[in-house]
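Chains as they are written, first to last, in my numbering: chain B, 406 to 1118; chain V, -16 to 225.
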Amino acid sequence: MAPVAQQPLHRALGLTDWEFDRICELLGRAPNDFELAVFSLLWSEHCGYKHSALLLKRFPTSGPAVLQGPGENAGVVDAGEGLAVAFKVESHNHPSAVEPFQGSATGVGGILRDVVAMGARPVALLDSLRFGELEDEHQGWMFSRAVAGVGHYGNCTGVPTVGGECVFDARYAGNCLVNAMCVGLLPADRVTRASMSGPGNLVVLYGATTGRDGIGGASVLASAELSATGEDKRPTVQVGDPFTGKKLIEASLELVEGGLVESLQDCGAAGLASSLAEMASKGGAGVDVHLDRVPLRETGMEPWEIMISESQERMVAVVEPGRLGEVEAVCAKWELPCTAIGEVTATGHLRCFAGGEPVGDIPARLLTDEAPRYRVEMRPRALERPVAAPVSPAAPDQLLRLLGSPNVASRAWVYTQYDQLVQSRTVRRPGLDAAVLRLRPSNRGLAVSLDGCGRLASLDPRAGGSLAVLEAARNVACAGGRPLAVTDCLNFGNPEKPEIAWELAEAIEGMALACEALGLPVVSGNVSLYNETDGRAIHPTPVVGCVGLVPDVRRVPGAWREGAAIYLAGAPELRLDGSEYQALLLGGPSGRPASPDLAAEAALVAFLAGIAPFSSCVHDASEGGLAVCLAECAIAAGFGAELELGWEDPVALFGEGGGQAIVAGHPGEIQTVAARHGVPLRKLGAAGGGVLLGIPVQELRAAYDSALPEALG
Amino acid sequence: MSAAPRPGVAVVAFPGSNDDGDAVLALEGLGANSFAVWHGEPALPPADAVVLPGGFSYGDYLRCGAIARFSPVMAAVRDFAAQGGPVLGICNGFQILCEAGLLPGVLRPNRTLRFVCRDVALRVEEAAAPFTSRCEAGQRLVIPVKHGEGCYFAPPDLLAELEAHGQVVLRYAPGENPNGAVDDIAGVRNRAGNVLGLMPHPEHAVDSLLGSADGALVLGSLVDFARDRLLAAAPQPAGARP
């Protein structure tokens, strides 16, 4: 490959020769360098979804509760009683791989602004983190810094971080995953959208000043593989300022609540170029922007740099000229620069000026609607055969080892670094399954969960896609929530490689099938491709965020009560293939997980949501299987249970891949509700006593609590 | 029974305050008429008590509370305190009060150098108005902390002075110290007794549905005291308080 200086500019900017020719054809002329830079970013994978858009059409996106589906800054669903919920998950993988603290912090900042752009107040954050194994000290450092970065932004902005997950696997060592989800609340009749309308209206940029930081950051980093030497990418990582972020959130909500803005847009990846093009294109409008009016934080910036800078903590609003004074007053109160940088036109063109001179003129829809949509070439891979189950029985020591392994152990080391309480809504804090937020002053609530599937998806991406959706929905149901909708983040390798494209398509198929079975629309999402280092891809990793409605937060289950009957609900086919047990004790991943029975899974989710208000404890089995699930219940309660369960069958104790959950409560109610939903039940025993499966609960707790602090300090 | 009068409790909102809304909500629930006061105000509206809430005023840039203490409203808070008005600083509010010289000592970064958010058990050392009259000495309270710089420090001679004058109001229970604070100090008051700073967040512990309700004992004590002031001042015009 020729050095950048000797290449044609379009190739240096990441555009193919075909794409360059297509731009010339669409414009009817060759673009100038300014225009080419704008095209290269808007047509990048990150902004243009050019390798994934056609596949994403597979998702169900509509439903009676959907107020806003994909295509806006965040999805919005009706939560009843005049309230709506805006939410979205987004990745910040490559910036975090280059600089984990700032990468994860700005990932949180970005997703907060996406939700604010819908006119919603952010009320919760969740994070999904995947790094290499903690035996590698550098991975421990990277992970610690990412956790600190998430906390830094969430804590400073006054938004509680209430849930998420973290996974350690060598496949993420060179390319960590940092996905952040934000949930916001707004009046159902006040959904703000990022669509420009009304020629003559002003385009106002407010928030931080603009500098050279993050030029081409997210969009460039997210659209190419990383090399072992990430050093040359460092200047493209944005630096977060959560204090300004906090002021921006408050100012934006004041503007929306005062009815002062017609539309709002986060200034995120590809900066003004993307914000303005998307707003104009959505509204079928044009925009004239004067780049020399943009408040700058450094001197000598070129117009194209101003146009594509990814300086954080900025928003774009469309404002009627008569309201500009009021908008300026709100921004002045929050000590934020606020400048009318242009106006909405009827031309349909994005016209850019510097010093009064035109520097670029592009029909806005060419940047968005005409972005290439590639039908990716796929090469199916034959799935492995299931691995025969081990003949030797399981042993208590295996359970202790699993509880003390980083992928299973208590996440308290992580979430105690996050403010979980601010805004006074957190009825159920992070720990198990989903968190619950009270929709005060009512007693209704939201259950929220964020779950991914990597190792199992590497063995069967379709099953993995389904399992990610099912796990998120099940977690919400365990907390008493009826799932409303999901958001997704697809973390995959290079889609231009046919085997990766197949993984992506299969995972999407699996997710779509599970969503259809559960009746859940996908209302927002994000795609993160090119997650490879030196040609080696991560596990295909679909991550799914689910939001559900809890009818009464006073009846959210917690720890099992003394004497409660303990049932196992669900009887899926389980395997050790791809399980934590296999990874820790047998080596793996290898084999093939069972394909989930989606009708049975949907029945289980409905049953769990229905029985939760009547149960002291509802907890689903996920990593580590039934034995870990029971141990977590015992640790949460502080006491064990008398169970009719032996050590003979490792698959029953540690198998994964199918939905099953522990339900503790009254036998009569549990049996009645299970029968109504057609969910198989097995009575395991009753809660009480100091041991579980022959192991003292203190021993279980010691293993569970100490693993992450010991690994991370 | 006639309704008890609702004393006015001002909650100062700085840019970067996060728990101001929570404090107003908690105080309202405990019978106060609570309202936010923007940091840029040169004067306090008539109020019977003042709360400086938690958060990250000015992003905690430079040093926690170091910038907020220069906010225009702080001169009024200082006057209010000088006239005996009760002032409660929670977390960042505690840091601001230390920076402003209204409370002795300083708050350092946590020993772990990590932010910590969890419930901690506290021991009430001084059960007295205006902040702990609803408690008993030695009572155990569970109230959450959430901070990165809550490690209270005072040199030995100052510590001796604080102990001698009963200024240590709250201590972390044995083994519960989340930040390395000297002598497990969680909350201290000034010599006059009308200004208290504490790292735990009582406003996040007023409803057992959200965890503990022990924080209501602290905030409720403040509301009681504020109400007494309101009643004592009743014949006077409102503007004359405190």
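Virtual Cβ for every residue (Gly too), placed ideally from N, Cα, C.
Since the structure is predicted, the reported quantities are computational estimates derived from the model, not experimental observations.
Look at the alpha carbon of residue i and the alpha carbon of residue j, and state the distance between them as a whole number of angstroms.
i, j, result
"Ala1107(B)", "Ala104(V)", "21 Å"
"Leu27(V)", "Pro113(V)", "20 Å"
"Arg830(B)", "Leu193(V)", "7 Å"
"Lys652(B)", "Asn75(V)", "17 Å"
"Tyr779(B)", "Ser457(B)", "8 Å"
"Val1084(B)", "Arg117(V)", "51 Å"
"Glu119(V)", "Gly170(V)", "16 Å"
"Gly556(B)", "Gly563(B)", "10 Å"
"Cys134(V)", "Phe758(B)", "53 Å"
"Ala862(B)", "Gly870(B)", "7 Å"
"Pro139(V)", "Val128(V)", "25 Å"
"Asp824(B)", "Thr750(B)", "44 Å"
"Pro700(B)", "Pro742(B)", "7 Å"
"Gly14(V)", "Ala188(V)", "16 Å"
"Tyr155(V)", "Gly149(V)", "16 Å"
Identify, in the order they occur along the chain, each residue of the same chain with its Cβ nearer than 6 Å to the Cβ of residue i, setting aside the five sequence neighbours on each side.
i, result
"Glu159(V)", "Val103, Ala104"
"Tyr986(B)", "Phe1059"
"Thr1017(B)", "As written in the sequence, residue 1017(B) is Ala, which differs from the Thr given in the question. Closer than 6 Å at Cβ, skipping near neighbours: Gly885, Pro962, Val1023."
"Phe425(B)", "His415"
"Leu420(B)", "Ser445"
"Ile1100(B)", "Pro801"
"Gln122(V)", "Val107"
"Gly996(B)", "Glu789, Pro791, Val792, Asp982"
"Ala877(B)", "Ser854, Asp856, Val949, Cys951"
"Pro25(V)", "Pro55"
"Pro785(B)", "Trp907"
"Ser929(B)", "Pro475, Ala479, Gly480, Lys493, Thr892"
State the DSSP-derived secondary structure class of residue i, mapped to helix, strand or coil.
i, result
"Tyr972(B)", "strand"
"Val1084(B)", "coil"
"Pro801(B)", "helix"
"Pro1114(B)", "helix"
"Tyr135(V)", "strand"
"Val552(B)", "helix"
"Thr634(B)", "With a pLDDT of 47 at Thr634(B), under the threshold of 50, the predicted position of this residue should be treated as unreliable, though the coordinate-derived value follows. Coil at Thr634(B), not helix or strand."
"Ile713(B)", "helix"
"Asn896(B)", "strand"
"Gly727(B)", "helix"
"Lys493(B)", "strand"
"Ser679(B)", "helix"
"Tyr935(B)", "coil"
"Val961(B)", "coil"
"Leu738(B)", "This sequence places Lys at residue 738(B); Leu is not what is there. Here Lys738(B) sits in helix by DSSP."
Span of the beta strand (DSSP E) holding residue i?
i, result
"Glu707(B)", "Per DSSP, Glu707(B) belongs to no beta strand (DSSP E) and is neither H nor E."
"Cys883(B)", "Cys883(B) -> not in any beta strand (DSSP E); alpha helix (DSSP H) instead, spanning 866 to 883."
"Ile620(B)", "It is not in any beta strand (DSSP E) - Ile620(B) carries neither H nor E in the DSSP assignment."
"Ile73(V)", "70 to 73"
"Asn16(V)", "16 to 21"
"Asp483(B)", "480 to 485"
Can you list, in chain order, the residues of its chain with a C-beta nearer than 8 Å to that of residue i? Leave out the 5 residues immediately preceding and following it.
i, result
"Asp1002(B)", "Pro977, Glu978, Gly1063"
"Met720(B)", "Arg518, Val521, Ala522, Leu610, Tyr611, Gly612, Leu653, Ser657, Leu669, Gln670, Asp671, Cys672"
"Leu460(B)", "Val781, Leu909, Ala910, Ile913"
"Asn177(V)", "Ala64, Gly67, Gly68, Pro69, Val70, Pro113"
"Leu990(B)", "Gln803, Arg806"
Return the chain-ordered list of same chain residues with a C-beta closer than 7 Å to the C-beta of residue i, the five sequence neighbours on each side being excluded.
i, result
"Ala814(B)", "Leu808, Tyr1109, Ala1112, Leu1113"
"Glu1049(B)", "Leu1089, Gly1090"
"Arg639(B)", "Model confidence at Arg639(B) stands at a pLDDT of 46, short of 50, so the residue's coordinates are unreliable; what they give is reported in the following sentence. Excluding sequence neighbours, Arg639(B) sits near Val503, Glu504."
Just reading off the alpha helix (DSSP H) that residue i is part of, what are its end residues?
i, result
"Cys1034(B)", "1030 to 1042"
"Phe(-3)(V)", "First-last for Phe(-3)(V): undefined, no H or E at that position."
"Tyr820(B)", "817 to 820"
"Phe536(B)", "Element bounds for Phe536(B): not the alpha helix (DSSP H) but the beta strand (DSSP E), 526 to 536."
My understanding is that residue i touches residue j, with C-beta atoms under 8 Å, so please give their C-beta distance in whole angstroms.
i, j, result
"Pro465(B)", "Pro926(B)", "5 Å"
"Lys493(B)", "Gly480(B)", "6 Å"
"Leu875(B)", "Glu1006(B)", "5 Å"
"Leu447(B)", "Thr773(B)", "7 Å"
"Gly676(B)", "Leu755(B)", "13 Å between Cβ atoms; not a contact."
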